[in-house]
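Visitor: Residue numbers (this note's numbering): 1 to 168.
For glycine and all other residues, C-beta sits at the position ideal for the given N, C-alpha and C.
Fair warning: this is a prediction, and the values are worked out from it, not measured in the lab.
(1) Return helix, strand or coil for residue 121, following the three-state DSSP convention.
(2) Report yes or no: do three or more beta-carbon pairs, one from the segment 25-43 and one from the segment 53-64, lie closer than 8 Å?
(3) When burial is assigned at 16 or more other CB atoms within 10 Å of the CB, is residue 140 buried or exposed?
(4) The beta strand (DSSP E) spanning residue 29 covers which residue range?
(5) Quick check: what's the CA-CA separation for residue 149 versus residue 142?
(6) Just to check my reading of the structure: residue 71 and residue 91 have Cβ atoms closer than 8 Å, yes? What is that Cβ distance to the nearest angstrom?
(7) Measuring straight from C-alpha to C-alpha, what distance separates residue 1 and residue 9?
(8) Given this structure, state the Cα-to-Cα distance separating residue 105 from residue 4, to the nearest angstrom.
(9) Can residue 166 and residue 137 be called in contact, C-beta distance under 8 Å?
(10) Below 8 Å on the Cβ atoms is my guess for residue 15 versus residue 147; work out the distance and round it to an integer in Å.
(11) Apart from the five residues on each side of it in sequence, which residues of its chain come closer than 6 Å, Cβ to Cβ, to residue 162?
(12) Threshold first: 4 residues or longer. Then list the alpha helix (DSSP H) segments lying entirely within the segment 47-114, N to C.
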């Protein structure tokens, strides 16, 4: 399950399908709240052909499933003080993760901390890359390209120590 920032970063570098390939999943899942946030991006029209609201319509080209969420249940498992500091996309991901036991791919540090505090699995871009490097699913050469592309196309920066760990 992807939050808006993680989705956006991998779309901008042309690597959304990499997430599918290394994770072994057949589809990427986003909550409707992330879909609504993506509507405001400059690339929304480009992703529409990849999105489905029904599992029956998924296929090789349509591999992003949008699921509706009820944000009102957030207060059942997230501290109301924390809810006010999170975006609707992040909250939608947490609802789906709570309902399905899924892992959230999420860039925002505070949102990851809130998710983890509430016993949800949430990982960052560096953790995602490191995990799949260690599993032999992403080569160091691929990671070099991903780091370069994220830096150039998404202005995403890795700390020196994280970059060193990813490249060795």
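Guide: According to the data block:
(1) Counted from its first residue, the chain shown places residue 121 at position 121. Coil, per DSSP.
(2) They touch, by the three-pair rule.
(3) As a first step, residue 140 is located in the chain shown; it is residue number 140 there, counting from the start. Around the beta carbon of residue 140, a 10 Å sphere encloses fewer than 16 other beta carbons of the protein chains shown; the residue is thus reported as exposed.
(4) Sequence index remark: in the chain shown, residue 29 carries index 29 (1-based). Under the DSSP assignment, residue 29 falls in the beta strand (DSSP E) whose first and last residues are 28-31.
(5) Looking up residue 149 in the chain shown gives position 149. Looking up residue 142 in the chain shown gives position 142. Straight-line measurement puts the Cα of residue 142 at about 10 Å from the Cα of residue 149.
(6) Sequence index remark: in the chain shown, residue 71 carries index 71 (1-based). Sequence index remark: in the chain shown, residue 91 carries index 91 (1-based). The Cβ separation is near 5 Å, so the contact holds.
(7) Here residue 1 corresponds to residue number 1 of the chain shown, with the count starting at 1. Here residue 9 corresponds to residue number 9 of the chain shown, with the count starting at 1. Straight-line measurement puts the Cα of residue 9 at about 14 Å from the Cα of residue 1.
(8) If you number the chain shown from 1, residue 105 lands on position 105. If you number the chain shown from 1, residue 4 lands on position 4. A straight line joining the alpha-carbon of residue 105 with that of residue 4 spans about 9 Å.
(9) Here the question's residue 166 lines up with position 166 in the chain shown. Here the question's residue 137 lines up with position 137 in the chain shown. Contact: no.
(10) As a working mapping, residue 15 is identified with position 15 in the chain shown. As a working mapping, residue 147 is identified with position 147 in the chain shown. Residue 15 to residue 147, Cβ: 12 Å. No contact.
(11) Here the question's residue 162 lines up with position 162 in the chain shown. Contacts found: 126.
(12) With a minimum length of 4 residues, the continuous alpha helix (DSSP H) runs that stay inside the segment 47-114 are 74-77, 80-83 and 88-100.
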